[in-house]
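In what follows, a single structure is set out as structure tokens and then discussed.
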Amino acid sequence: MPGVPVISLVMDLPDEAPAAAATFEAMDHAIGAVGAGELRLVRTTEIDAELVANPGAGVFIGPGSPYEFPDRADDVITSARTRGIPLVGT
Amino acid sequence: MLVEHARNLMGIENAVHAEYGLEGTAIVDALACSLVETEITVDLAPGSRLAGIHGEASVVERTNCNYGLNPEFAHIADAKGLRVSARDDTGEVRAIERTDHPFFVGTLYQPQRTTSTRAPHPLLVAFVRAAIA
Numbered sequence: 190m191p192g193v194p195v196i197s198l199v200m201d202l203p204d205e206a207p208a209a210a211a212t213f214e215a216m217d218h219a220i221g222a223v224g225a226g227e228l229r230l231v232r233t234t235e236i237d238a239e240l241v242a243n244p245g246a247g248v249f250i251g252p253g254s255p256y257e258f259p260d261r262a263d264d265v266i267t268s269a270r271t272r273g274i275p276l277v278g279t
Numbered sequence: 225m226l227v228e229h230a231r232n233l234m235g236i237e238n239a240v241h242a243e244y245g246l247e248g249t250a251i252v253d254a255l256a257c258s259l260v261e262t263e264i265t266v267d268l269a270p271g272s273r274l275a276g277i278h279g280e281a282s283v284v285e286r287t288n289c290n291y292g293l294n295p296e297f298a299h300i301a302d303a304k305g306l307r308v309s310a311r312d313d314t315g316e317v318r319a320i321e322r323t324d325h326p327f328f329v330g331t332l333y334q335p336q337r338t339t340s341t342r343a344p345h346p347l348l349v350a351f352v353r354a355a356i357a
């Protein structure tokens, strides 16, 4: 049985920040409506070559720049763009 | 997304986001008019993915940002596979998408601020559908 598709949310805001809370809630709504998918929070400090090579089924570039490591966020964007992985940025 | 596009596809290797205070070409710059805690109406480009998702010509969205595409580089939003998919009533770019990609959409507003369990935001639902396909 295939695993649940994982969507990486790249965001450095603390969880309690209003924009972060809104993002979690909105993705809960969207995933609930579709009935599949799982959100994985990724801090830019955690982005490494393995994550860049396999960012998941989808990538959400979350609000709240400046990021701690903006070039790493850009690397994930490049990966999604060149690999045809769905991406949304807000 | 705009900085990545500028650096890797437009040949602007020193493209930067002005918020970081780095030397370089500020592709993303401070907005002339702040969009912090603001509601804006955006016109969706006919034929765009975003217009297809909403099924409407314009939508009202909430914003909370002080930065946007530098008007001097507006041309990069309609080049190398990128297109403008929404503008506000001043004509400024508020959303972009790639035409050479299954699903690649960026907004300068926050769809996550206009959503509920009963009415999840159409863009985020479309994104999740694309991800699990």
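Sequence lines, in order, name chains F and R. Per this note's numbering, residue 190 is the first one in the first sequence, and the count goes up by one each step. Per this note's numbering, residue 225 is the first one in the second sequence, and the count goes up by one each step. Note that the Cβ used here is the ideal one computed from N, Cα and C, for glycine as well. Note that the coordinates shown come from a computational prediction; the quantities given were computed from them, not determined experimentally.
Asked: Per-residue contacts from R:Asn232 into chain F (C-beta, under 7 Å); Found: Thr267
Asked: Straight-line gap, R:Ala319 to R:Ala303 (C-alpha atoms, nearest Å); Found: 14 Å
Asked: 8 Å Cβ cutoff met for F:Ile274 and F:Pro244; Found: yes
Asked: Residue nearest to R:Ile356 in terms of C-alpha spacing, selected from F:Val265, F:Arg232 and F:Gly226; Found: F:Gly226
Asked: Beta strand (DSSP E) runs wholly inside the segment 208 to 271 of chain F, at least 3 long, in chain order; Found: 227 to 231 and 247 to 250
Asked: Member of R:Gly279, R:Thr314, R:Phe297 and R:Tyr333 whose CA lies at the smallest distance from the CA of R:His241; Found: R:Phe297
Asked: Three CB pairs or more closer than 8 Å across the segment 268 to 284 of chain R and the segment 309 to 326 of chain R; Found: yes
Asked: Length at least 4, wholly inside the segment 316 to 353 of chain R: the alpha helix (DSSP H) runs in chain order; Found: none
Asked: Sub-8 Å separation of R:Phe351 and F:Gly247 beta-carbons; Found: yes
Asked: R:Asn238 burial status per 10 Å Cβ neighbour count (16 or more: buried); Found: exposed
Asked: Contacts of R:Ile356 in chain F (Cβ-Cβ under 7 Å); Found: Pro194, Val223, Ala225, Gly226 and Ala246
Asked: DSSP-derived helix/strand/coil call for R:Asp302; Found: helix
Asked: Burial state of R:Ser340 (16 or more Cβ within 10 Å); Found: exposed
Asked: Same chain only: Cβ atoms within 6 Å of F:Met190, ignoring 5 sequence neighbours per side; Found: Note that F:Met190 scores a pLDDT of 48, beneath 50, so its modelled location is shaky and nothing firm can be said.
Asked: Buried versus exposed, by CB contacts within 10 Å (16 or more), R:Glu228; Found: buried
Asked: Residue range of the beta strand (DSSP E) that includes R:Gly276; Found: Note, R:Gly276: premise wrong, no beta strand (DSSP E); alpha helix (DSSP H) at Arg273 to His278.
Asked: With 16 other Cβ atoms within 10 Å as the buried cut-off, status of R:Gly245; Found: exposed
Asked: Straight-line Cα distance separating F:Val195 from R:Leu293; Found: 30 Å
Asked: Strand pairing of F:Leu276, partner residues [DSSP]; Found: F:Val248 and R:Phe328
Asked: C-beta atoms of F:Val231 and F:Val199 nearer than 8 Å; Found: yes
Asked: Environment of F:Ile229 [buried if 16+ CB atoms lie within 10 Å]; Found: It should be noted that the sequence gives Arg, not Ile, for residue 229 of chain F. Under this definition F:Arg229 is an exposed residue.
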